[in-house]
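Enquirer: Below is one structure. I have some questions about it.
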């Protein structure tokens, strides 16, 4: 920014929209309790989802517990024949974008900062309901 200041902001056009978007994101982050507040929420979301994966007999995590990500949760179904049906069920329930990587299959749920705990609960409830129907 020193170059911009030295040249009266005429050196080149700064990416105003990107800067503004960053400002709004940082303000939102601050309103959520800052980095520590977001970390706490992200831990809650990840623990909730991993608990369901670990206790629901239809699902299985693909990553060792000590190496699990809080941001991208990967899992498969114990019966791979049910994966397409579960994916369709999720779409019916309004849950999109959880398809796993093409080389691994299964599911990948991204728990980015803007994903709420309530949204995570909706997915967990869908997993529970699907298991009840298939029991």
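Numbering (my numbering), first residue to last: 18 to 152.
Note that CB positions come from ideal geometry on N, CA and C, so glycine has one too.
The structure displayed is predicted, hence computed values, not measured ones.
1) Would residue 63 be called buried (16 or more neighbouring beta carbons within 10 Å of its own) or exposed?
2) Do residue 109 and residue 123 have their beta-carbon atoms positioned less than 9 angstroms apart in this structure?
3) Can you tell me whether residue 60 is buried or exposed, with buried defined as 16 or more other CB within 10 angstroms of its CB?
4) Rounded to whole angstroms, how far is the Cβ of residue 92 from the Cβ of residue 76, which I believe are closer than 8 angstroms?
5) Please report how far the alpha carbon of residue 12 lies from the alpha carbon of residue 98, in whole angstroms.
6) So residue 46 packs on residue 55, CB below 8 angstroms; how close in whole Å?
7) State buried or exposed for residue 70, treating a residue as buried only when at least 16 other CB atoms are found within 10 Å of its CB.
8) Name the DSSP beta bridge partners of residue 91, please?
9) With DSSP run on the structure shown, which of helix, strand or coil describes residue 78?
10) Candidates 88, 137, 74, 113: which alpha carbon is nearest residue 149's?
Expert: Reading from the atomic positions:
1) So residue 63 ends up on the buried side.
2) By the CB criterion at 9 angstroms, residue 123 and residue 109 fall outside the cutoff.
3) Exposed, because fewer than 16 other Cβ atoms sit within 10 Å of the Cβ of residue 60.
4) A Cβ-Cβ separation of about 5 angstroms places residue 92 in contact with residue 76 under the 8 angstroms criterion.
5) This structure cannot speak to residue 12, because the chain is shown only from 18 to 152.
6) Indeed, because the Cβ distance is near 6 angstroms, the residues count as touching under 8 angstroms.
7) Looking at its Cβ environment, which holds 16 or more other Cβ atoms inside 10 Å, residue 70 is buried.
8) Bridge partners of residue 91: 125.
9) Note: residue 78 maps to strand in three-state DSSP.
10) The option with the nearest alpha carbon to residue 149 is 74.
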